[in-house]
Amino acid sequence: MFGSARIKDHHGEQRLFAGRIVFAGVAAAILLLLVISRLFFLQVIKHSYFADLSQGNRVRLEPLPPDRGLIYDSQGTVIAENTPAYQLELVPEQVPDVVDTLSRLADLHLIDRESVPGLTRLIKTGRRFQAVPLRLSLSENDIAMFSVRQHDFPGVEIRTRLARWYPFGGQGVHALGYVATISEDDLKRIDRDQYSGSALIGKIGLESTYEQELHGLSGYRQVLVNAQGRRVDKLGGTPVHLETRKPTAGNDIFLGIDMRLQHIAEEGLAGKRGAVVAIDPNTGNVLTFASVPTFDPNKFTRGISNADYAALRDDVDRPLFNRALRGTYPPGSTVKPMMALAGLEYGVVDPNAVRNCTGGFTLPGSSHVYHDWKRSGHGPVDMKRAIATSCDIYFYGLAEVLGIDRVHDAMSGLGFGRLSGIDVGGEKPGIMPSTAWKMATYKQQWYPGETVIVGIGQGYLTATPLQLAHAAAILAARGRNWRPRLVTSVRDATTQEIRKLPPIEEPVIQLRDTSLWDTVIEGMEMVARPGGTASSSFAGVPYRVAAKTGTAQVFSLGQNQKYNAASLAERLRDHALFIAFAPADNPKIAIAVLVENGGHGGLAAAPIARRIFDAYLLGKFENAPKPLAPPADAPIEDLDEVH
Amino acid sequence: MESAQEISGAPRKRLSANASLVRRLHLDGPLLALLGAVIVFGLFILYSATGENLGQWLSQVARLALAVIAMVGLAQLPPGWLRRASPVIYGIGLVLLVLVAIHGSATNGAQRWLDLKVFRFQPSEIMKLAVPMMCAWYLHNRPLPPSLRDIGAILAIILVPAALIAKQPDLGTALLVGSAGILVLFLAGLSNFIIGLGIAALASIVPVAWHFMHDYQKQRVLMFLDPAQDPLGAGYHSIQSQIAIGSGGLFGKGWMHGSQAQLEFLPERSTDFIFAVIGEEIGLIGQTLLIGLYLGVIARSLFLSGAAQDTYGRLVCGSFALTFFVYAFVNTGMVSGILPVVGVPLPLVSYGGTAMVTLLASFGILMSLNGHRRLVGS
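Protein chains in written order, with the working numbering: chain L, 1 to 643; chain C, 644 to 1021.
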């Protein structure tokens, strides 16, 4: 039976093969006859049913877009909602000549001429039977103008749809993000069936990160249409069962952000460029997330014109740039408490040892003098005083003793050079340099002088305002590290059940002695007291504040040059920075404030933190922000959707 | 059975001039006539299905010309040469598949094409021919029915390329390549016992596979069982194509008068769903005619494979004939709603060149294996 024992039996094989061929032929014939009988069933037995469906009147499936979930702040104030708007739509299969139709709509200024090529591509890549929104918001004039010419535009119609509305305009826009028309690129990555009726998709910020939660599930409705694609109510005599499946609305999300604090932060930065991030050190909840200048997201949800977009994009103040999340700045003296902590943990410094600050520092064997910001020097300082007066000389020396790699290890633990993992996309990690980093990046060895200036937060070291706030929160919580997050809970659209998202804790920073935290924090408290660099902003404060000011150089000075703010162009002036948390004995809020080219951190940045602390801890809300009324759009009863 | 005259290639006196040309080109007259009829029928309906798009229609004609040249060219190759070349073609195909896999991981998403600058082609198409040829080459000198060890070897020959193609991911082609190889095993006389065992094994895999399937894959299956489940997605195709066919009736609405097709209610009307256009515009008569022609092609091919001169020829021809049937059955079954929606074109009719070239190439090989008479008659 097996292998080599057998020889080829040609006749046997041929017989076997012939048998198989006949069997296969008969099977093929039977299966194809099965298809023919199926066709007979469809075309003869069920013919009249299908003929009715197809002849004259037809059933068309119309997708029903879900209501997008709402976004609330921590006080339950709605900060992203849906309001009805008149929308211009085009159904590709009913339009004889898409290019001509779009061009004529542009002639009437109903759509932007520059948007025509993009819309044409979108229409070509989409499904023939699904409406494509051409313009998301029409004024009454537009509606009147189009209505009288509608007969010239078969396949184009005005529908009332829900559009996104951000009642606080630009406030918090860098956290919220915005929704806008689904683009060709979006179409490649989304489930088209789920978005068949949706005009909008989250583009950036929370609207994008939480797209899955917010969007919901599409429904559909069967409608009867005649040969021209117009909706009709009756089908000639034959009863047709029309099905409807309601869409499932998206889930609502709740933020840790308090719009009243957000308002104070943005008002404090008004007319400047900068960022404020405040975090609850006990949960990682972000309480304020401001980047100024802002822009109005409502322009995007209603279809931003090319001119408006170009103006935003080309603005020298870069309002579209998310400074809090993506702006990497030299942290300046705000790193001094972290440097002190590293020195204590590695045991290279006695906190009580006094060092005499003469205003200059030189490395052994070098003639280069590193100056203190105070040319005359601070005199004798111990660690806490060095923090309080922001003595550069003390920290030049400390950094040198530590060496860059130990500085790197300690600061990485506090989040420098790493993504914080916040729940909004596009975060930048900044740079936490080390010898290995420099070799990998520049193929060069590390020079001791570079360590010295890292000691005061200059040189290669950069961080985002978010990272600074996160580091302040870790200091406040004495090593407990909660991942920063904007969204705290989600409300299920169907059950209305609120699901609290548990805060995410990162590994705790274990110091050899917990009292080391206290030493550094006491130094930070002295910053806000008389004699400290932020004392003027915290005069008479009724709670304990731990803080650190920072003034980061944008422009490097030559040896022996003096910094003169008045003579420098505004954009070359120092960045003002400030980190703080309060109450120092039981921290409830940690903050980082950055004012680009603001000058001194204690003067330009600290007052904003003071106002936010007073509001949050003492309930001092003087002028709460007012929601804007949505533009007078369509009445809700007009909605062309099933609710 | 053959006379010395045919060996030398001299025409028989009683054959007409045309028939003699067909003979001299090692082609088969009846098969050629049947294929021609399918193609003419296809071009006729394609003009309507593309919405009277002459440009598309002409480009299909151009591709068809290319496919016919490939068919006639392949028919000229001596059968012995084809057999000896089988492992080489298979090997090249395998290397190309691996190249595509490597190249594909560099770019993102599905990668089936190899860009040869001049033109792009899918190595998986070569495998539709190379896998059955390789299987037949392997079995050619071995005693049949195949031993267990031979079955194992054949399964390896099939599974390696099939897995590579499935990974691209192109499940439709992987199944076609796999079935072409399995059909060789079947024709080689695989015992009924093993066939039964295989079917039982497959059936037992179903619940296990269901357990491991992703939700969206389960959704696909459920959708087939009840198209109304997903009327905007894949179910839309199924619903609209059944409306198109059903409303066509016995004689259809007339060429270029199918409202479902012409108003574009029917998606992919010129490619995978063109059979529904036939149903709507020429009715049951037209569809039955086409299926009849297909049956003719299959029957003639099976007959020719029975007459092939050696084991290799029989197995390759039989597998090609039955693969053609698989195309026809899967597409018509899917369009009429008795099979799930998978991307298999209607053979020689659907718009698109790749399948057309591969199919006609397979018929070229089939005719080569029959048209060259062996030197030693039986």
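The C-beta atom is built at its ideal place from N, Cα and C for all residues, glycine as well.
Who does R15 of chain L pair with in a DSSP beta bridge?
-> Paired residues: none, contrary to the question.
Member of L:S366, L:H371 and L:A528 whose CA lies at the smallest distance from the CA of A539 of chain L | Out of L:S366, L:H371 and L:A528, L:A528 has the C-alpha closest to the C-alpha of A539 of chain L.
N- and C-terminal bounds of the alpha helix (DSSP H) containing Q510 of chain L = Following the DSSP letters along the chain, one finds Q510 of chain L in no alpha helix (DSSP H), marked with neither H nor E.
Interface flag, E13 of chain L vs chain C, CB-CB below 9 Å | True, the Cβ-Cβ gap to chain C drops below 9 Å.
What did DSSP end up calling F300 of chain L once you bin it into helix, strand or coil?
-> In the structure shown, F300 of chain L adopts helical secondary structure according to DSSP, grouped into three states.
G676 of chain L by DSSP, collapsed to three states: which one?
-> Only positions 1 to 643 of chain L appear in this structure, which leaves residue 676 of chain L out of reach.
Name the chain C residues that come within less than 7 Å of Q43 of chain L, Cβ to Cβ?
-> For Q43 of chain L, the neighbours in chain C by C-beta distance under 7 Å run, in chain order, I888, G889, G891, G892, L893, G922, G926 and L927.
Candidates L:I453, L:A604 and L:G360, of which the one nearest G271 of chain L by Cα = The closest CA to that of G271 of chain L, considering only L:I453, L:A604 and L:G360, is found on L:A604.
Scan the stretch 760-789 of chain C for residues whose Cβ lies nearer than 9 Å to a Cβ of chain L and list them as they occur along the chain.
-> Of all residues in the stretch 760-789 of chain C, N784, R785, P786, L787 and P788 have a Cβ within less than 9 Å of some Cβ in chain L.
With a cut-off of 9 Å, does the C-beta of G821 of chain C fall near any C-beta of chain D?
-> Within the model displayed, chain D is absent; protein chains L and C are what it includes.
For the beta strand (DSSP E) containing N251 of chain L, list its first residue and its last residue.
-> For N251 of chain L, no beta strand (DSSP E) encloses it, and the DSSP letter there is neither H nor E.
Where A159 of chain L falls: helix, strand or coil (DSSP) = With the sequence shown as reference, residue 159 of chain L is identified as Arg, and Ala is not the correct amino acid for it. For R159 of chain L, the secondary structure class from DSSP, reduced to helix, strand or coil, is strand.
For the alpha helix (DSSP H) containing V99 of chain L, list its first residue and its last residue.
-> Boundaries of the alpha helix (DSSP H) around V99 of chain L: V98 to D107.
Give the single residue among L:L122, L:V335 and L:G365 whose Cα lies nearest to the Cα of Q467 of chain L.
-> The shortest Cα separation from Q467 of chain L among L:L122, L:V335 and L:G365 belongs to L:V335.
State yes or no: is the C-beta of P627 of chain L within less than 9 Å of the C-beta of T77 of chain L?
-> Cβ distance < 9 Å, so P627 of chain L and T77 of chain L count as in contact.
Cβ of F972 of chain C within 9 Å of any chain L Cβ | Yes, contact with chain L.
Within 10 angstroms of its Cβ, does M439 of chain L collect 16 or more other Cβ (buried), or is it exposed?
-> The Cβ neighbour count for M439 of chain L, taken over all protein chains shown within 10 Å, is under 16; the residue is labelled exposed.
Can you name the residues of chain C whose CB is closer than 9 Å to the CB of F50 of chain L?
-> Under the 9 Å cutoff, chain C gives Q885, I886, A887, I888, G889, S890, G891 and G892.
Of the residues L:G377, L:G19, L:D423 and L:G303, the one placed nearest V487 of chain L, counting alpha carbons only = Ranking the options by Cα distance to V487 of chain L, first place goes to L:D423.
At least one CB of chain C closer than 9 Å to the CB of F17 of chain L: is that the case?
-> True, the Cβ-Cβ gap to chain C drops below 9 Å.
Could you list which residues in chain C have their beta carbon closer than 7 Å to that of I36 of chain L, in chain order?
-> Ordered by position in chain C, the residues that pass the 7 Å Cβ test against I36 of chain L are T931 and I934.
Grouping DSSP H, G and I as helix and E and B as strand, with all else coil, what is C357 of chain L?
-> Looking at C357 of chain L - three-state DSSP - the assignment turns out to be strand.
Cβ separation of A18 of chain L and G832 of chain C, assumed to be a contact under 8 Å, to the nearest whole Å = Wrong, their Cβ atoms sit about 11 Å apart, outside the cutoff.
Rounded to the nearest angstrom, how far is the Cβ of A469 of chain L from that of I591 of chain L, given a contact under 8 Å?
-> About 6 Å; that satisfies the 8 Å criterion.
Tell me, to the nearest whole angstrom, how far the beta carbon of F578 of chain L is from that of A606 of chain L; I am working on the premise that it is less than 8 Å.
-> About 5 Å; that satisfies the 8 Å criterion.
If the cut is a Cβ gap below 9 Å, which residues of chain C does L122 of chain L touch?
-> From the beta-carbon of L122 of chain L, no residue of chain C is found nearer than 9 Å; the closest lies around 17 Å away.
For Q222 of chain L, name the three-state secondary structure that DSSP assigns.
-> Correct three-state label for Q222 of chain L: strand.
Does DSSP put V985 of chain C in a helix, in a strand, or in coil?
-> The answer is coil: DSSP assigns V985 of chain C none of H, G, I, E or B.
Compare the Cα-Cα distances from L64 of chain L to each of L:G197, L:A310 and L:A534 and report the closest residue.
-> When only C-alpha atoms are compared, the closest one is L:G197.
Which word fits L1012 of chain C, buried or exposed, when buried means at least 16 other C-beta atoms lie within 10 angstroms of its C-beta?
-> By the 10 Å Cβ count, L1012 of chain C comes out buried.
Exposure label - A749 of chain C; buried when at least 16 CB within 10 Å | Its pLDDT being 44, under 50, A749 of chain C is placed unreliably in this model, and the value from its coordinates should be taken loosely. It counts as exposed.
Determine the contact status of R610 of chain L and A584 of chain L, defining contact as a CB-CB distance below 9 Å.
-> No, Cβ-Cβ distance for R610 of chain L and A584 of chain L is not below 9 Å.
Using the Cα positions of L162 of chain L and N82 of chain L, report the straight-line distance between them to the nearest angstrom.
-> Cα to Cα, the separation comes out at about 6 Å.
Could you name the residues of chain L that A942 of chain C contacts, counting a contact when the two beta carbons are closer than 9 Å?
-> Here the neighbours are G25, A28 and A29.
Name, going along the chain, the residues of the stretch 825-845 of chain C whose beta-carbon falls closer than 7 Å to a beta-carbon of chain L.
-> Here the close residues are F829, L830 and G832.
Buried or exposed: where does E207 of chain L fall if 16 or more other Cβ atoms within 10 Å of its Cβ makes it buried?
-> By the 10 Å Cβ count, E207 of chain L comes out buried.
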